[in-house]
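Q: Just dropping this structure here.
Numbering (this note's numbering), first residue to last: -13 to 137.
Okay, here's the thing in structure tokens:
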């Protein structure tokens, strides 16, 4: 989606506490910043802070070289605040670690509220299989940057 159309992502966006959402955000210009193991772990630490602050409960996520898929249950904030804090903090720690790519994240993010009848485990499996489908690994177990609540 072009920058001129990015406002369309927000149309109809509603943050419902307790609702499950699939969030996706990409690095600026899809730069593969997270091929670097240390950079990926810094971002993952910031993702986990969102859980510790009770902003959300992470159900499943995978950090790919140039994007993040994150399945959450929204807790004590809005989607916009959750993503703004995550992107801001992760950008800060990456810059402190020497990443010169500025900005780190592309503006905006995609969100999809899961329907009540939709299988959460099925969506989680789809998320976690991303590195396999992208050809990064031959087994999901070989990819280090993912987690799921069911493990």
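Positions of the beta carbon are idealized from the N, C-alpha and C atoms, including for glycine.
On a predicted model such as this, the values are computed, not experimentally measured, just so you know.
Mind reading off the beta-carbon distance from residue 44 to residue 33? Whole number of angstroms is fine, and I expect it under 8 Å.
A: 7 Å
Q: Helix, strand or coil for residue 90? Go by DSSP, reduced to three states.
A: Here residue 90 sits in coil by DSSP.
Q: The alpha helix (DSSP H) with residue 112 in it runs from where to where?
A: 106 to 114
Q: Buried or exposed: residue 47, going by 16 or more other Cβ atoms within 10 Å of its Cβ?
A: buried
Q: Are there 16 or more other CB atoms within 10 angstroms of the CB of residue 136, so buried, or fewer, so exposed?
A: The residue in question, residue 136, is exposed, as its Cβ has fewer than 16 Cβ neighbours within 10 Å.
Q: Could I get the ranges of all uninterrupted beta strand (DSSP E) runs contained in the stretch 25 to 103, with 3 residues as the minimum, in chain order?
A: As for any beta strand (DSSP E) of minimum length 3 sitting wholly inside the stretch 25 to 103, the runs are 42 to 49, 53 to 60, 96 to 99, ordered along the chain.
Q: I'd like the list of long-range same chain contacts for residue 89, defined as Cβ closer than 8 Å, with 5 residues on each side in sequence excluded.
A: 14, 77
Q: Distance check for residue 55 and residue 6, CA to CA, integer angstroms please.
A: 13 Å
Q: Bridge partners of residue 132, per DSSP?
A: 48
Q: Quick one: residues in its chain with C-beta nearer than 6 Å to the C-beta of residue -4, no 5 flanking neighbours on either side, listed in chain order?
A: Only weak support exists for where residue -4 lies, its pLDDT of 46 falling under 50; the coordinates are left without a value.
Q: Roughly how many angstroms separate the alpha carbons of residue -7 and residue 98, rounded to a whole number?
A: Note that residue -7 scores 47 on pLDDT, short of 50, meaning its location in the model is unreliable; the coordinates nonetheless yield the value given after this. Approximately 15 Å between the Cα atoms of the pair.
Q: Residue 28: which of 66, 111, 84 sits nearest, CA to CA?
A: 84
Q: Please classify residue 21 as buried or exposed, where buried requires at least 16 other C-beta atoms within 10 Å of its C-beta.
A: exposed
Q: According to DSSP, simplified to helix, strand and coil, what is residue 126?
A: In this structure, DSSP gives residue 126 a helical state, which the three-state scheme calls helix.
Q: Ends of the beta strand (DSSP E) at residue 11?
A: 6 to 12
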